[in-house]
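Peer 1:
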Amino acid sequence: MSQRYFGAIINNRVILNDDDINHILKVMRMKINEEIEVVYKEKVHLCKIISLKPLDFEIVATREENHELMNNITLVMSLIKGEKLDLVLQKATELGVQEIVLLATSRTIANKKNFRLEHKINRYQKILKEASEQSKRIKIPYLHRLIDFSELKNIKADHKFIAYESAGGKTASFLNGLKNIKKGESISLIIGPEGGFSTEEINLATLNGYQIISLGRRILRAETAAIYALSVIDSYLEKK
Ligand code: SAM
């Protein structure tokens with residue numbers, strides 16, 4: 015299966031960023047006649063290497079394929095520490111999330127005061143891009159800026175869930191909530207930080223139309239909760 019990259023096709027020329035060119039030449043050590051897939055404007059272009067210095071391609075085929083979910087999922091992920099957030103970004107991408115919003119909460123342990131998304135955005139974008147390429151998607155999730163609970167009202171979705179660790183342990187509320195989701199409807203899922211949610215935050219979320227859901231009787235790490243909840247949503251949406 016050909017390696018996939020997000021790039022551009024301008025005047026029938028394949029344009030890739032330096033990281034990808036380096037990956038092709040130095041990491042994958044690809045040769046003339048080997049092929050890669052380049053995703054551009056949600057189409058997949060099969061490109062054969064015709065020159066290595068400079069790296070150049072011939073586009074041999076273009077196809078439409080779609081491994082995307084039929085529903086737009088926004089993951090509202092509370093700030094958690096370092097590589098755990100990296101893991102969530104990567105797994106949420108593999109699980110088909112289209113938008114990610116980072117949320118500062120009252121119990122965020124991660125250093126939200128000094129959290130400067132602009133300093134991390136390149137790393138996060140690289141994680142999202144590479145996870146999209148690896149999982150053969152034709153879209154890269156959109157990463158929104160950091161918000162706080164007061165901005166929750168700006169997130170529009172047909173179905174809204176907030177995973178609350180003190181919700182009683184029965185997943186029925188979650189599974190029943192999924193039953194109402196129709197093809198094409200949007201979903202927003204909030205996952206809390208290591209310190210969990212305050213009752214004020216839970217009240218504010220419910221005022222904004224979020225349904226409280228339990229992910230079972232155990233207390234999951236935030237990153238586990240995100241992956242678990244998205245996996246349940248995915249398997250529900252993709253059963254048809
Ligand atoms: N500090 C909290 C406590 O000890 O109760 C745990 C917070 S948990 C580490 C981080 C987030 O994962 C929670 O805010 C919630 O969004 C989600 N989560 C973890 N376990 C859950 C469960 N059993 N049901 C619903 N959400 C859960």
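Using our numbering, the first residue of the sequence shown is number 15, and each one after it goes up by one. Glycine included, C-beta positions come from ideal geometry on N, C-alpha and C.
#1: Can you determine whether any heavy atom of the ligand SAM sits closer than 7 angstroms to the C-beta of Phe211, and answer yes or no?
#2: What do you reckon, is the C-beta of Gly206 under 7 angstroms from a heavy atom of the ligand SAM?
#3: Quick one: is the Cβ of Ile233 within less than 7 angstroms of any heavy atom of the ligand SAM?
#4: Is the Cβ-Cβ distance between Gln112 and Ala145 less than 8 angstroms?
#5: Take the Cβ of Glu147 as the centre, count every other Cβ of all protein chains shown within 10 Å, and call the residue buried at 16 or more, exposed below.
#6: Would you say Leu117 touches the ligand SAM, meaning its beta carbon is less than 7 angstroms from a heavy atom?
#7: In or out: Arg130 buried (at least 16 other Cβ within 10 Å) or exposed?
#8: Is there at least one non-hydrogen atom of the ligand SAM closer than 7 angstroms to the beta-carbon of Glu179?
#9: What is the DSSP secondary structure of Ala335, counted as helix, strand or coil?
#10: Going by beta-carbon coordinates alone, are Glu237 and Ile135 separated by less than 8 angstroms?
#11: Mind checking which residues open and close the alpha helix (DSSP H) that includes Ile135?
#12: I'd like to know whether the C-beta atoms of Gln139 and Lys174 end up nearer to each other than 8 angstroms.
#13: If we call anything under 8 angstroms between Cβ atoms a contact, is Ser228 one with Thr185?
#14: Is the beta carbon of Met84 less than 8 angstroms from the beta carbon of Ile114?
#15: Tell me Arg77's beta-bridge partners as DSSP assigns them.
#16: Within the chosen definition, does the stretch 22-29 reach the stretch 38-47 through at least 3 CB pairs nearer than 8 angstroms?
#17: Using DSSP bridges, identify the partner residues of Tyr178.
#18: Would you please state the rounded distance, in angstroms, between the beta carbons of Ala239 and Ile216? I believe it to be under 8 angstroms.
#19: What does Thr88 pair with, by DSSP beta-bridge criteria?
#20: Regarding Leu229 and the ligand SAM, is the C-beta to nearest heavy atom distance less than 7 angstroms?
#21: On the three-state DSSP scale, how would you describe Asp70?
#22: Just to confirm, is the Cβ distance from Glu179 to Ile123 under 8 angstroms?
Peer 2: Checking against the coordinates, here is how it stands:
#1: Here residue 211 refers to the residue found at position 197 when the sequence shown is read from its first residue. Result yes, Cβ under 7 angstroms from the ligand SAM.
#2: To locate residue 206, count along the sequence shown from 1; it is residue 192. Yes.
#3: Residue mapping note: residue 233 aligns to position 219 of the sequence shown, counting from 1. Because some heavy atom of the ligand SAM lies under 7 angstroms away, the Cβ of Ile233 counts as near it: yes.
#4: Mapped onto the sequence shown, residue 112 falls at position 98. Mapped onto the sequence shown, residue 145 falls at position 131. Against a cut-off of 8 angstroms, the Cβ pair of Ala145 and Gln112 comes out as no contact.
#5: The residue labelled residue 147 in the question sits at position 133 within the sequence shown. By the 10 Å Cβ count, Glu147 comes out buried.
#6: Along the sequence shown, one-based indexing puts residue 117 at 103. Leu117: no, Cβ never under 7 angstroms from the ligand SAM.
#7: As a working note, residue 130 is residue 116 in the sequence shown. Answer is exposed; the Cβ neighbour count stays below 16.
#8: Stepping through the sequence shown from its first residue, residue 179 is reached at position 165. At least one heavy atom of the ligand SAM is nearer than 7 angstroms to the Cβ of Glu179, so yes.
#9: There is no way to answer for residue 335, as the model of the chain reaches only from 15 to 254.
#10: If you number the sequence shown from 1, residue 237 lands on position 223. If you number the sequence shown from 1, residue 135 lands on position 121. Against a cut-off of 8 angstroms, the Cβ pair of Ile135 and Glu237 comes out as no contact.
#11: Translated into positions along the sequence shown, residue 135 becomes position 121. Unbroken alpha helix (DSSP H) run through Ile135: Leu131 to Gln148.
#12: Here residue 139 refers to the residue found at position 125 when the sequence shown is read from its first residue. Here residue 174 refers to the residue found at position 160 when the sequence shown is read from its first residue. Against a cut-off of 8 angstroms, the Cβ pair of Lys174 and Gln139 comes out as no contact.
#13: Here the question's residue 228 lines up with position 214 in the sequence shown. Here the question's residue 185 lines up with position 171 in the sequence shown. For Ser228 and Thr185, yes; Cβs fall inside 8 angstroms.
#14: On the sequence shown, position 70 is the one that residue 84 refers to. On the sequence shown, position 100 is the one that residue 114 refers to. No, these two residues do not count as a Cβ contact at 8 angstroms.
#15: Within the sequence shown, residue 77 is the residue found at index 63, counting from 1. DSSP, once it has assigned bridges, lists Val58 as partnering Arg77.
#16: no
#17: Taking the first residue of the sequence shown as position 1, residue 178 is located at position 164. Bridge partners of Tyr178: none, in fact.
#18: Locating residue 239 in the sequence shown gives position 225, counting from the first residue. Locating residue 216 in the sequence shown gives position 202, counting from the first residue. Contact doesn't hold; Cβ gap of about 15 angstroms is too wide.
#19: As a first step, residue 88 must be located in the sequence shown, where it is residue number 74. In DSSP, Thr88 forms a bridge with Glu113 and Ser202.
#20: Here the question's residue 229 lines up with position 215 in the sequence shown. Indeed, a heavy atom of the ligand SAM lies less than 7 angstroms from the Cβ.
#21: Here residue 70 refers to the residue found at position 56 of the sequence shown. It is a strand residue.
#22: Against the sequence shown, residue 179 aligns to sequence position 165. Against the sequence shown, residue 123 aligns to sequence position 109. Not closer than 8 angstroms, so no.
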